[in-house]
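Just so we're aligned, residue 20 is where the sequence shown starts under the working numbering, counting upward by one. Every residue gets a Cβ at the ideal spot worked out from N, C-alpha and C, and that includes glycine.
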Amino acid sequence: MKRKQAFTLIELVIVMVLLGIVAAVGFISLDSLPNQNLYAAAEKVAADLRYAKNLALSSSQWHGVKFDTWDEEYEVYVTDGSTDTVIKKPEDPSQNFAVDLPAEFQDVEIDSVTGISDKIEFSPLGVPYDDKNGSPFASTFTVELNYGGGWFGCGGSSPSIYVRVAPETGRVYVEW
20 MKRKQAFTLI ELVIVMVLLG IVAAVGFISL DSLPNQNLYA AAEKVAADLR YAKNLALSSS
80 QWHGVKFDTW DEEYEVYVTD GSTDTVIKKP EDPSQNFAVD LPAEFQDVEI DSVTGISDKI
140 EFSPLGVPYD DKNGSPFAST FTVELNYGGG WFGCGGSSPS IYVRVAPETG RVYVEW
């Protein structure tokens, strides 16, 4: 008598459990991608703010960063108080220092800029101002970034990450 070859119920259950585990791991990995992009973008913004501050300290000229929340971009510039001139990228002197966040970090957006205006300028002493002709910041300057490409998480809303500049010292840091 010839035996029929087939899968047993136990084998099918084991395969289903393994597929479930693989799917769960894949979903978790997919879920963390927006966080990774968001964190990388925040670190880029923080590094560029630090760069503007360090340029001001080393060159004894005022430098700033202007944020455009509508186009989701920002640029680093040198200013004399009346004219803001975008500087060149250190890695490519043929290009202006302008950063398009959604292009560099998929679907990351500038949600808001909390300051007196949408820009921050650093004095040659590294102190953050709203403008060279204005006054130093009395409170923390904040750039809020979020993931604008739809969110996979269970909470239903996109997380935000904050890049902050402390008044007086100009310390730049990232906060969840």
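Query	Result
I need the DSSP call for Gly83, collapsed to helix, strand or coil.	strand
From the DSSP output, which residues share a beta bridge with Thr88?	DSSP, once it has assigned bridges, lists no residue as partnering Thr88.
Does the separation of the CB atoms of Ser142 and Ala75 fall below 8 angstroms?	yes
Quick one: grab the DSSP three-state call for Leu120.	helix
Spatial neighbours of Asp130 within its chain, please: CB distance less than 8 angstroms, with the 5 preceding and 5 following residues excluded, ordered by chain position.	Thr88, Glu163, Leu164, Asn165, Ser179
As a quick exercise: from Val182, Glu91, Val95, pick the residue whose alpha carbon is nearest that of Gly134.	Val182
Expressed to the nearest angstrom, what Euclidean distance is found between the alpha-carbon atoms of Asn115 and Met35?	54 angstroms
Taking Val127 as the reference, which of Asn56, Tyr148, Gly153 has the closest Cα?	Asn56
Just to check my reading of the structure: Tyr96 and Thr104 have Cβ atoms closer than 8 angstroms, yes? What is that Cβ distance to the nearest angstrom?	6 angstroms
Give the secondary structure of Leu144 by DSSP, where H, G and I count as helix, E and B as strand, and everything else as coil.	coil
Pull up the distance between the alpha-carbon of Ile106 and that of Glu123, whole angstroms please.	19 angstroms
Kindly indicate which three-state DSSP category Asn152 falls into: helix, strand or coil?	coil
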